[in-house]
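Read the structure below first, then the notes.
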Amino acid sequence: MWSYVARRIASGAIALFGLTLVVFFIVHLVPGDPAVTLLGPRATPEAIATLHREWGLNQPVYVQYEKFMSHLLHGDMGASLFFHAPVTSLIFGRLPATLLLLAYSTLLAVLLAVPLATISALRQGGIIDQIIRVVSLIGLGAPAVWMGLVLILFLAVRLGAFPVGGYTDSTGLHIQAMFLPSLTVALGMFPTLTRSLRASLIGVLAADYITSARARGLSGYAVVIRHGVRNAIAPTVTVLGLNVGYLVGSTVAVEVIFAIPGIGNLMVQAVLSRDFPIVQGVTIVYGVLVLSINLLTDLTHAALDPRVVLE
Amino acid sequence: MSVAGQTLTAPPRRWSFTRIVTRSWTLTAGVILVGLVVGVAVFAPVIAPHDPIHQNLTHLLQSPGPGHRLGTDQFGRDVLSRILVGTRTDLEIALGATFLAVLIGGSLGLLAGYVGGVLDTIVMRVVDVVMAFPFYVLIITLVFVLGSGLASLYAALVGVGWVSYARIVRGETLIARNQDYVVAARQTGLSGRRVLFRHILPNVITQPIVYAMSDVVNVVLTIVTLGFLGLGVQPPTPEWGSMIADGSAFLTTHWTLATFPAIAVMITGFGFSLLGDGIAEVIEGE
Amino acid sequence: MSAAAATADRPERQVLLEVDGLTIEVRNRQMHASVVRDVSLSVGVGETLGIVGESGSGKSLTLRSLLGVLPKGTAVAGGSISYRGKVLVDDGRVTDEMQSLRGREIGMVFQDATSALDPVIRVGDQITETLRRHTGLSRKAADARAIELMERMGIPDSRRRVRQYPHEFSGGMRQRVMIAMAIACSPSLLLCDEPTTALDVTTQTEILELFGELRREQGLAMIFVSHDLGVIAEVCERVCVMYCGQIIETGMRAQVFDAPRHPYTLGLIESAPDIEAASPELVAIPGEAPDPTVPPPGCRFNPRCPMPVEECRSGGFPLIPLSGGRATACIRHDRTTALRHRIDAEAGRG
Chain H
0 MWSYVARRIA SGAIALFGLT LVVFFIVHLV PGDPAVTLLG PRATPEAIAT LHREWGLNQP
60 VYVQYEKFMS HLLHGDMGAS LFFHAPVTSL IFGRLPATLL LLAYSTLLAV LLAVPLATIS
120 ALRQGGIIDQ IIRVVSLIGL GAPAVWMGLV LILFLAVRLG AFPVGGYTDS TGLHIQAMFL
180 PSLTVALGMF PTLTRSLRAS LIGVLAADYI TSARARGLSG YAVVIRHGVR NAIAPTVTVL
240 GLNVGYLVGS TVAVEVIFAI PGIGNLMVQA VLSRDFPIVQ GVTIVYGVLV LSINLLTDLT
300 HAALDPRVVL E
Chain D
0 MSVAGQTLTA PPRRWSFTRI VTRSWTLTAG VILVGLVVGV AVFAPVIAPH DPIHQNLTHL
60 LQSPGPGHRL GTDQFGRDVL SRILVGTRTD LEIALGATFL AVLIGGSLGL LAGYVGGVLD
120 TIVMRVVDVV MAFPFYVLII TLVFVLGSGL ASLYAALVGV GWVSYARIVR GETLIARNQD
180 YVVAARQTGL SGRRVLFRHI LPNVITQPIV YAMSDVVNVV LTIVTLGFLG LGVQPPTPEW
240 GSMIADGSAF LTTHWTLATF PAIAVMITGF GFSLLGDGIA EVIEGE
Chain C
0 MSAAAATADR PERQVLLEVD GLTIEVRNRQ MHASVVRDVS LSVGVGETLG IVGESGSGKS
60 LTLRSLLGVL PKGTAVAGGS ISYRGKVLVD DGRVTDEMQS LRGREIGMVF QDATSALDPV
120 IRVGDQITET LRRHTGLSRK AADARAIELM ERMGIPDSRR RVRQYPHEFS GGMRQRVMIA
180 MAIACSPSLL LCDEPTTALD VTTQTEILEL FGELRREQGL AMIFVSHDLG VIAEVCERVC
240 VMYCGQIIET GMRAQVFDAP RHPYTLGLIE SAPDIEAASP ELVAIPGEAP DPTVPPPGCR
300 FNPRCPMPVE ECRSGGFPLI PLSGGRATAC IRHDRTTALR HRIDAEAGRG
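In order, the protein sequences belong to chains H, D and C.
Sequential numbering from 0 applies to the first sequence in numbering that gives the first Met the number 0.
Sequential numbering from 0 applies to the second sequence in numbering that gives the first Met the number 0.
Sequential numbering from 0 applies to the third sequence in numbering that gives the first Met the number 0.
The following block contains the structure:
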């Protein structure tokens, strides 16, 4: 297994390398002065001159890239134009909040999807199944941004059950404070998850080993949960993995709405204030995040299904 | 079965309208809903009761009523008109970007799968790099670099969106390439290009189209989210996302401002999802 | 007179399972029709009954209905099933008694062990879950028993293999595991749905020998469903022949195979490839078996029968009891022997 992990990390590194190339060179591919591209149309001549000097923009491109990469490999992603602080510390200071949001939302999404998909599959064609399916379809088109607002309105403001802001200092309150934002992200994920798990489960329940289990007199619980869901979960984990990019991205908007000090929020601020070093840094960190989650999903899938051979 | 030496085969099943409708209620519902949305988008300037950009400072934040069916926003602009014209904004970009993504991604995937070799490797490596990153993050980065505005939005969406289609079409092409009928066609001397267009293309087209239907929903959501964050379509062009953002400030007092555009988004999303599911149902039924 | 009564020529025979007038229907959006009609059979203690027929004859469905594990969309619509006097199906309705017998008194072996074993659960755990469901065995005791069972089924190195997954076994070994699961709680009746069809000939022989051992050592009664006459001939004492959802002939194996009393049975026997035959010609029954939901009028076999008469095209065809505990549905059964001689002569056989 470890050789597989090593190989995945290696190919991930190559993909990251590709991305740094894209991120770095896209600034130069846009016609015009890269400094102007980065600083925007309202850049002052002094700011442009400073950038030229700091980044050595008058030097050949490959030299710049080499300088950039060597800094990167030493853990230096430059300094924020806006905050006047190293990008690395800014990002890593905010990473825990994003990670918590990701983990919490995945948990909630699974807690929501598994029971609903199971009921749906068992009562296939029935009224509950139809309702769940329609709700899932509507949910696919529901903008997470608005869902977040609605949750804030009803559960935080009207009901007072949860705080409006997302993040606090003590761990205990985190669970409560992060509930609404995580729920918002989970609600965005849950239609895809439910649909895929339901389809998977329907296929599994028609399988011979289910009939065999019933023929051996096993109880309904053993048949459906132990044999049915257990088999249906593995391909759903794969679907989850495929949607990881989307999942991670949806946290960006949620962080903004709930004022969570995560890297998504940081990125949006940086885009609006044209703080390129941060945008660049966050993009790379997100890349690492997605690759890691992909690896984790594949390993989980392999753990769940003994037939899978890691190659 | 043979009659006087001629072999008769059963006539091909005819795709009559009624058969398609009864075959899949999902498809019918999807077509109706999408048709409605597209119709609104096309006729928006005509059917909108007010000018969506016009600010009427004497009628700020009005509740839904006779003059303004869905009320007005904080600048006195008619919400209904903004939603209707916003349909055009969001849908145009979503459909346009998706179409281009299918075109570019599909063509590259087709070539990569059919020709193989170096082209295939290059295309697939690029696809891998792009797919390694969160969709939103890449789009945001591209929008940042390319500046805000319509062109960069298109560029960002297409630039990131094409990869899924390249992958799908390449996979389908690889399968189709090895099918008996293709091998037979090549052996009868048909040129590569003819084989590609006449035999392979029709068979690899269905999967990307089904995927595109659900992808459109994602693209609409992306445009809306970007608009919400202030990174997409710029004001004063009416756009559902920025309308939701505007409305969020008045959530406790005028919750309809943010909700009506969201409902428009959901109807659109629901319609395309039904359409996609319906098409998939009909195809699988065959 | 039901077929069960007709075969009661041996008064000391103790009936284990009795099926009377079983009818199974397909029920879905498109249709609502019977696929198995008025089937009656019985199995005595320690007996092996074979049900033979083409695919689509309804033999698998009949077997599955005995344990109430019919596929989705099909259901018992009439008739009764009873086991040792307990009523499992009463006038088309399944009773609660059936659940108490599953896995405990009656076990089932499926055709494809690959799909009938849960791929994500260890083989040993699948055996122990059955054991622990029906007996009060502790974890350790159940594990030990599972190892013992696998060993008895001829799986070498069972202590280690009990922790493996199904895909790590060969086809024949998987089948042995499935049999171990089915007999784990020492049932009195084993239902086998084409258990050797998916195996190669050598493995087939081994598995059949295994079944033979189980019969001898445990006095296990079996109902064996197959389309392979050779397999049925090897394992079964009594035989039912099914065609198009109905039983058309029953009797002791030797009687039915040596001197069939129904043209379909004759056709089956004739079309079975016989390596030792003087002439290697294959004789097939012309035409195809009809869809049991839209059967032809009268005797269902009459469109393909080589000797139909006017009466064959209308009316019902209940089983006619013959001497020696046999029964047949053919009203011209006495002509079958002559027919056989004619076919043999034409094929150039002695």
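Ideal Cβ positions, reconstructed from N, Cα and C, are used throughout, including at glycine.
Could you check if residue i is buried or exposed, using at least 16 other CB atoms within 10 Å of its CB as the buried criterion?
| i | result |
| --- | --- |
| A2 of chain C | Residue confidence is low: A2 of chain C scores 47 on pLDDT, short of 50, so the model does not pin down where it sits. No coordinate-derived value is stated. |
| L266 of chain H | Reading off the sequence, residue 266 of chain H comes out as Met, not Leu. Classification for M266 of chain H: buried. |
| F196 of chain D | exposed |
| Y285 of chain H | buried |
| S33 of chain C | buried |
| M172 of chain C | buried |
| L56 of chain D | exposed |
| S88 of chain H | exposed |
| R197 of chain H | buried |
| D333 of chain C | exposed |
| V18 of chain C | buried |
| L106 of chain H | exposed |
| N264 of chain H | buried |
| R87 of chain D | buried |
| S79 of chain C | buried |
| H198 of chain D | buried |
| V270 of chain H | buried |
| E310 of chain C | exposed |
| W1 of chain H | exposed |
| P165 of chain C | buried |
| I256 of chain H | buried |
| G11 of chain H | buried |
| R158 of chain C | exposed |
Which residues share a DSSP beta bridge with residue i?
| i | result |
| --- | --- |
| P302 of chain C | Paired residues: none, contrary to the question. |
| P85 of chain H | H:A78 |
| K350 of chain C | As displayed, chain C neither begins before 0 nor continues past 349, which places residue 350 of chain C out of reach and without an answer. |
| Y82 of chain C | C:L16, C:K85 |
| S62 of chain D | Paired residue(s): none; S62 of chain D is not in a bridge. |
| A74 of chain C | C:E24 |
| V42 of chain C | C:L16 |
| C239 of chain C | C:I50, C:T249 |
| T71 of chain D | D:D77 |
| S33 of chain C | C:E24 |
| C191 of chain C | C:V108, C:F223 |
| S320 of chain C | Per the sequence shown, residue 320 of chain C should be read as Pro rather than Ser. Answer by DSSP bridge pairing, in chain order: C:A326. |
- Any alpha helix (DSSP H) of 4 or more consecutive residues that is wholly inside the region 94 to 121 of chain C: Listed in chain order, the complete alpha helix (DSSP H) runs (minimum 4 residues) inside the region 94 to 121 of chain C are 96 to 100, 112 to 115.
- Query: Are the region 123 to 134 of chain C and the region 144 to 151 of chain C in contact at 8 Å, needing three or more beta carbon pairs?
  - Reply: The region 123 to 134 of chain C vs the region 144 to 151 of chain C: in contact.
- chain C contacts from the region 187 to 211 of chain H (Cβ-Cβ distance under 8 Å): For the region 187 to 211 of chain H, the residues whose beta carbon sits under 8 Å from a beta carbon of chain C are, in order, A205, A206, D207, Y208, T210, S211.
- Got a sec: which bits of the region 113 to 128 of chain D sit with their beta carbon under 9 Å from any beta carbon on chain H, in order along the chain? Legend: CB atoms of the region 113 to 128 of chain D lying less than 9 Å from CB atoms of chain H belong to residues R124, V125, D127, V128.
- Message: As an exercise, report each continuous alpha helix (DSSP H) stretch of at least 4 residues that is fully enclosed by the region 193 to 229 of chain C, in chain order.
- Response: 200 to 217, all fully within the region 193 to 229 of chain C.
- Query: Contact between the region 246 to 258 of chain H and the region 124 to 139 of chain D: three or more CB pairs below 8 Å?
  - Reply: The region 246 to 258 of chain H vs the region 124 to 139 of chain D: in contact.
- Segment contact, 8 Å Cβ cut-off, at least three pairs: the region 228 to 246 of chain H with the region 109 to 122 of chain D: The region 228 to 246 of chain H, when compared against the region 109 to 122 of chain D, does not touch it at the 8 Å Cβ threshold.
- Item | Cβ-based contacts, 9 Å cut-off: residues of the region 244 to 261 of chain D near chain H | Taking 9 Å as the cut-off between beta carbons, the residues of the region 244 to 261 of chain D near chain H are A244, G246, S247, L250, T251, W254, A257, T258, P260, A261, in sequence order.
- Item | Every unbroken beta strand (DSSP E) within the region 160 to 196 of chain D, with a cutoff of 3 residues, ordered by chain | Entirely contained in the region 160 to 196 of chain D, not one beta strand (DSSP E) run reaches 3 residues.
- Item | Residues of the region 22 to 41 of chain D whose Cβ lies closer than 7 Å to any Cβ of chain H, in chain order | For the region 22 to 41 of chain D, the set of positions with a beta-carbon nearer than 7 Å to some beta-carbon of chain H is empty.
- Message: My parser needs the beta strand (DSSP E) runs of 3 or more residues fully inside the region 123 to 174 of chain C; what are they?
- Response: The region 123 to 174 of chain C contains no whole beta strand (DSSP E) run of 3 or more residues.
- Query: Which residues, taken in chain order from the region 273 to 296 of chain H, show a beta carbon closer than 7 Å to some beta carbon of chain D?
  - Reply: Under the 7 Å Cβ criterion, the region 273 to 296 of chain H contributes V278, T282, Y285, G286, V289, L290.
- Given a limit of 7 Å on CB to CB distance, which residues of the region 308 to 334 of chain C reach chain H? Answer in chain order: no residues at all.
- Message: Using a Cβ-Cβ cutoff of 9 Å, what residues of the region 253 to 266 of chain H are near chain D? List them in chain order.
- Response: Residues are counted here when their Cβ sits less than 9 Å from a Cβ of chain D; for the region 253 to 266 of chain H these are V255, I256, G263, M266, given in chain order.
- Query: Going along the chain, which residues of the region 106 to 123 of chain C sit with their C-beta nearer than 8 Å to a C-beta in chain H?
  - Reply: The residues in question are G106, M107, F109, D111, S114, A115, L116, D117, P118, V119, I120.
- Query: What residues in the region 221 to 240 of chain H have a beta carbon less than 8 Å from any beta carbon of chain C?
  - Reply: Under the 8 Å Cβ criterion, the region 221 to 240 of chain H contributes A221, R225, H226, R229, N230, A233.
- When you check each C-beta in the region 137 to 149 of chain D against every C-beta of chain H, which residues fall closer than 7 Å? Listed in sequence order: I139, T140, F143, V144, L145.
- Task: Would you be able to state if there are at least three C-beta pairs under 8 Å between the region 223 to 240 of chain C and the region 200 to 215 of chain C?
- Result: Yes, the region 200 to 215 of chain C is in contact with the region 223 to 240 of chain C.
- Query: Which residues, in order along the region 61 to 75 of chain H, keep a beta-carbon less than 9 Å from a beta-carbon of chain C?
  - Reply: Identification of residues in the region 61 to 75 of chain H having a C-beta nearer than 9 Å to some C-beta of chain C yields an empty set.
- Task: Please confirm if the region 202 to 216 of chain H is in contact with the region 135 to 148 of chain H, defined as three or more CB-CB distances below 8 Å between the two stretches.
- Result: Contact between the region 202 to 216 of chain H and the region 135 to 148 of chain H is absent, with fewer than three C-beta pairs closer than 8 Å.
- Item | Residues from the region 115 to 130 of chain H in contact with chain C, defined by Cβ distance under 8 Å | From the region 115 to 130 of chain H, no residue has a Cβ closer than 8 Å to chain C.
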